[in-house]
Every structure is written in C-alpha cells, then in structure tokens.
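Numbering (our numbering), first residue to last: -1 to 331.
Backbone N, C-alpha and C fix where the C-beta goes; we use that ideal spot for every residue, glycine too.
Nothing here was measured: the structure is a model prediction, and the numbers come from that model.
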C-alpha cells in the first residue's frame, strides 16, 4: 500500500475554489483508530459552512467531509477487521480531524457503523447523515400514523429523507418550498400537499389543515422558526433540526409570546449520530429497506472525486433536490 493518498483539502476559508486535490501522507492506524478506504460520501450543508470559515473551531488546512461509506483497510480492532463495510458520520469528522474528502480516512473505531449491503456505493452514501437525522427528528416529534406532518425545506436531503420515512409511517404530509417549480417533484416523491413558503406559512397551512399541523419538522431554523410555531395545532410539536437559513439565533425570541400555549418545541442535532449498536442497527434497517424498495432515497446528482469543488458549487446554488453524492477517489459506481 502506498504511503501517500489523494485528498481534496480546503487550504483556507473561502469559496469552492479553495478545495484543491493534493497528495497527502496516508494516515496509519493506531489503537482506537481505523483506516477506512472511502468509497463514497454524501455532501452536507455544514461542510459549506466549514469551508466558508463559519466553524470557528476548525483549523485550516483541513480535509472536510462529515460522513462516508467505505471498507476497513487497516485495523487493530478485532471487531472491525480488514474488509468490513462501514459507514461513519459526525463525531468530529472534517472538523476536529480530517474527514471523508480523501482516498483514505482515519476514523475513531467507536464511530464506525459496520453494515452489510449490496447497494451501489453512491446509494449507500446518500443514507447515513440524511436518514439517521430524519429518523431522529421524527422520533423527537413522536410522529405517528395519521398525523398531519409539515416538513419545511423539504427539498433538502434531510427533508426528502423525512418525507420518505413519513410515507412509511403513514403520516399525512405537507411539504414547503420557496420555488413553485418544485411542487410537482415533491408530489411525485410522496408529498400529500405542497405549501409555498412565501412568508405567510400559517395561512398556507390553514388552507389544508384549518387547525394547523400536528407535527412540524423545521429544517430552516433561525427567525423562520416563529412561522413554524404559528402553523402548529394546539398540543402539537415542533422539532428544529436544520439551520438552512444560515442564521443560528432568533433575535428577540420570547418563549411566552412566540411558543403557542400547549405547543412543544424541541430540537434534534445530527451530532447525536455517532456510534454504537443503535446507530449501526438503525442504518442497517434503512439500507435493507432501500434494498427491498420500501424506502426510496432521492439522489440529486453523483459527482466524481475530481469534481468535488463543482459539487460544492452545485449544492451552494440551492438547485439540488435530495442528496448530492461524491464518489471516492478511483471509484466509478
């Protein structure tokens, strides 16, 4: 095995142009850390934030990438022998230590999720972060069959995953989008209703559900959270998971004024996805349901490793519907 590897490194904060393919030393495994051959990885909005320099704890240069699927290349861990198919997400990837934008990634053994699947690498790579985040959010909402579920920013990767999972649960779904041209795509992927997010969300929801939504998954965050709360039925629940608004705070937020009486506001952070049998078994269940057609992930585009900067530009354009995936170095499926 070569002592070097190919990686795409962000040498400084900036636009997609700061992502440059380089030859770097191949990391060596050590106790508690496993070398993984990266086969494919999904792209995430948080990687755009980090690349722009919005993650204050991240030092540059840095190999970004907060998730991947791959194969154990070298390991001292008896439970993770060479050749094991694994997935990983969060836990410091691409922030505290170098992440998945590389031929190989050195990852904490405790963070790896061993899985078994015959899905193409690109399909498997679309699942860990999006589906586990969506599933955790729906669990935080206590989503049940027959409930009226509003998904904000539904065309995002987590939004489309949540729609897919909600369809399986049997919830009645309404999906928001700011682009009228995306309405038909949302319906095609299972949305029962589409609401144009035009600044009058509560009024739009009331046209479908006069009493409001029983459950709201808010992937926009920031000041938009007030709109989600106003669109919620009495004794409903709102889960704020995403920050697609790029705003981490809500100016002048007054809980007694902004949270309707009886409505529950909670959050779900994808940092909860890390390791252990729970995450591995949950991901295995998703992989199996994708394989048998129960779940139908939406992959917007698949980019080769050499066009990772273009993949960032595409994601930054906000034209994607579903997950943007990049293949690992030298991988063609």
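Assign residue i to one of two classes, buried (16 or more other C-beta atoms within 10 Å of its C-beta) or exposed (fewer than that).
| i | result |
| --- | --- |
| residue 127 | buried |
| residue 191 | buried |
| residue 114 | exposed |
| residue 157 | buried |
| residue 37 | buried |
| residue 240 | buried |
| residue 316 | exposed |
| residue 323 | buried |
| residue 171 | buried |
| residue 313 | buried |
| residue 250 | exposed |
| residue 208 | exposed |
| residue 1 | exposed |
| residue 202 | buried |
| residue 247 | exposed |
| residue 186 | exposed |
| residue 6 | buried |
| residue -1 | exposed |
| residue 219 | buried |
| residue 27 | buried |
| residue 295 | buried |
Do you know whose CA, among the options, lies nearest residue i's CA?
| i | options | result |
| --- | --- | --- |
| residue 217 | 103, 169, 135 | 135 |
| residue 305 | 19, 102, 10 | 19 |
| residue 332 | 265, 89, 40, 120 | This structure leaves residue 332 out entirely; the chain is present only between -1 and 331. |
| residue 205 | 215, 214, 194, 213 | 194 |
| residue 284 | 175, 247, 14, 117 | 117 |
| residue 329 | 322, 24, 303 | 303 |
| residue 109 | 177, 34, 220, 25 | 34 |
| residue 253 | 221, 21, 270 | 221 |
| residue 86 | 271, 296, 310, 300 | 271 |
| residue 84 | 96, 68, 94, 159 | 68 |
| residue 311 | 258, 5, 12 | 12 |
| residue 22 | 52, 96, 53, 159 | 96 |
| residue 200 | 174, 277, 278, 139 | 174 |
| residue 150 | 176, 140, 188 | 176 |
| residue 141 | 186, 213, 180 | 213 |
| residue 327 | 125, 123, 100, 50 | 100 |
| residue 42 | 82, 124, 81, 94 | 124 |
| residue 47 | 242, 276, 182, 81 | 242 |
By Cβ distance below 7 Å, which residues in the same chain neighbour residue i in space, the five residues on each side in sequence not counted?
| i | result |
| --- | --- |
| residue 29 | 74 |
| residue 45 | 62, 63, 64, 92 |
| residue 32 | 70, 73, 75, 78, 105, 107, 110 |
| residue 9 | 16, 18, 58, 59 |
| residue 102 | 3, 24, 25, 33, 34, 35, 36, 71 |
| residue 138 | 237, 264, 266 |
| residue 278 | 111, 112, 113 |
Determine which residues share a DSSP beta bridge with residue i and list them.
| i | result |
| --- | --- |
| residue 238 | 216, 265 |
| residue 106 | 31 |
| residue 40 | 323 |
| residue 23 | 2 |
| residue 360 | A question about residue 360 goes unanswered here, because the residues of the chain that appear run from -1 up to 331. |
| residue 67 | 38, 85 |
| residue 111 | 85 |
| residue 7 | 18 |
| residue 100 | 5 |
Whose C-beta lies closer than 8 Å to the C-beta of residue i among residues of the same chain, with five residues either side of it excluded?
| i | result |
| --- | --- |
| residue 287 | 166, 293 |
| residue 79 | 70, 73 |
| residue 273 | Below a pLDDT of 50, predicted positions are generally treated as unreliable, and residue 273, at 48, falls in that range; the measurement from the model is reported next regardless. Hits under 8 Å: 89, 106, 108, 109, 110, 111. |
| residue 144 | 168, 169, 170 |
| residue 120 | 38, 297, 300, 323, 325, 331 |
| residue 211 | 146, 147, 148, 172, 203, 229, 230, 231, 234 |
| residue 198 | none |
| residue 258 | 227, 228, 230, 232 |
| residue 289 | 115, 116, 117 |
Quick one: does the C-beta of residue i sit closer than 6 Å to a heavy atom of the ligand MG?
| i | result |
| --- | --- |
| residue 237 | Among the components of this structure there are no ligands whatsoever, and the ligand MG is therefore not found. |
Assuming the contact rule is C-beta atoms closer than 8 Å, residue i and residue j should be a hit. Round their C-beta distance to whole Å, please.
| i | j | result |
| --- | --- | --- |
| residue 148 | residue 229 | 6 Å |
| residue 268 | residue 55 | With a Cβ gap of about 17 Å, residue 268 and residue 55 do not count as contacting. |
| residue 152 | residue 163 | That belief does not hold up - the Cβ atoms of residue 152 and residue 163 are roughly 12 Å apart, past 8 Å. |
| residue 224 | residue 196 | Incorrect: roughly 15 Å between the Cβ atoms, too far for contact. |
| residue 227 | residue 184 | Between residue 184 and residue 227 the Cβ distance is about 23 Å, and since that is not below 8 Å, they are no contact. |
| residue 321 | residue 53 | Actually they are not in contact, since the Cβ atoms of residue 321 and residue 53 sit about 21 Å apart, beyond 8 Å. |
For residue i, which residues of its own chain have a beta-carbon under 6 Å away from its beta-carbon, when the five flanking residues on both sides are left out?
| i | result |
| --- | --- |
| residue 318 | 298 |
| residue 98 | 36, 39, 63, 66 |
| residue 260 | 232, 233 |
| residue 14 | 307, 310, 311 |
| residue 215 | 135, 149, 160, 237 |
| residue 51 | 11 |
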